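*Asks:* Numbered as in this note's numbering, the sequence shown ends at 291 without a single skipped number. There's a structure below that I have some questions on.
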Amino acid sequence: MEVHRRTPERRPYPPARYNALLLSCMDLRLIDDIVDFMEGDNMSNRYDQLVFAGAALGVMQPKHTAWREVFFQHLDIAVQLHGIRDVYIIEHRNCGAYSHFLGPEFVYDDSPTGMRLEEDEHRKHAFALRDAIHEHCARRRDEGGDHNLWDIRVRAFLMDLRGSVRLLTKEDAEYDA
Ligand SMILES: [Zn+2]
């Protein structure tokens, strides 16, 4: 589902009411586009940013297991210091971390099939991280944490190299068809 890059138009989800945590890739081509996108959500200076090579894949991959620990340690600090209630995961096309972590077959061309496979792979890792965040928050609530504070919404996006953005949703997954 396409989302407008710079303005709040065509953003098919409610706006964040509080601060947010943004997870993005380290890719140098998209740093400015990510700032634009967050500004379009009226989030300027309202988000903490974590940068991992491969964004969600970077957190979830098994090669450097410490990365996952680092992500969740920072999530805890973001919740406690800034009361973040939303997590934005911004994946991107043509991500070098995919072939780095998963192998050379995870390089995609710009054909409709290549783009669909690429999106599906990003959705898989972004949703795995989303589920891990929800489990983490449930654990914090079980440990006696504030139920409002540990109620976090997670949204995942896929940006292309022009900075155009798609909201990743289950409905867009084509493998089920
Ligand atoms: Zn990348």
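Every residue, glycine too, gets a C-beta built ideally from N, C-alpha and C. Keep in mind it's a predicted model, so treat the numbers as computed, not measured.
If Phe271 sits next to Ile203, beta carbons under 8 Å apart, how far is it from one beta carbon to the other, in whole angstroms?
*Replies:* Taking the first residue of the sequence shown as position 1, residue 271 is located at position 157. Taking the first residue of the sequence shown as position 1, residue 203 is located at position 89. Yes, Phe271 and Ile203 are in contact; Cβ-Cβ is about 7 Å, under 8 Å.
*Asks:* Sort Cys209, Gly277, Asn133 by Cα distance to Leu195 and report the nearest one.
*Replies:* What you label residue 195 is simply residue 81 of the sequence shown in a count that begins at 1. Ranking the options by Cα distance to Leu195, first place goes to Asn133.
*Asks:* Please report how far the alpha carbon of Asn208 lies from the alpha carbon of Asp146, in whole angstroms.
*Replies:* The residue you call residue 208 lines up with position 94 of the sequence shown. The residue you call residue 146 lines up with position 32 of the sequence shown. If you take the alpha carbons of Asn208 and Asp146, they lie about 17 Å apart.
*Asks:* For the region 193-240, list the beta strand (DSSP E) runs that are entirely contained and at least 3 residues long, ordered along the chain.
*Replies:* 200-206
*Asks:* Which of the three DSSP states, helix, strand or coil, is assigned to Ala291?
*Replies:* The residue labelled residue 291 in the question sits at position 177 within the sequence shown. For Ala291, the predicted structure reports a pLDDT of 34, less than 50, and the residue's modelled location is therefore unreliable. A value from the coordinates is still provided. DSSP places Ala291 in coil when its eight states are reduced to three.
*Asks:* With a cut-off of 8 Å, do at least 3 Cβ pairs link the region 216-230 to the region 157-164?
*Replies:* no
*Asks:* Taking the beta strand (DSSP E) that Asp146 falls in, what are its first and last residues?
*Replies:* Looking up residue 146 in the sequence shown gives position 32. Per DSSP, Asp146 lies in no beta strand (DSSP E) segment; the continuous alpha helix (DSSP H) that holds it begins and ends at 145-154.
*Asks:* Mapping the DSSP letters down to three states, classify Ala170 as helix, strand or coil.
*Replies:* Here the question's residue 170 lines up with position 56 in the sequence shown. Of the three classes helix, strand and coil, the one that applies to Ala170 here is helix, per DSSP.
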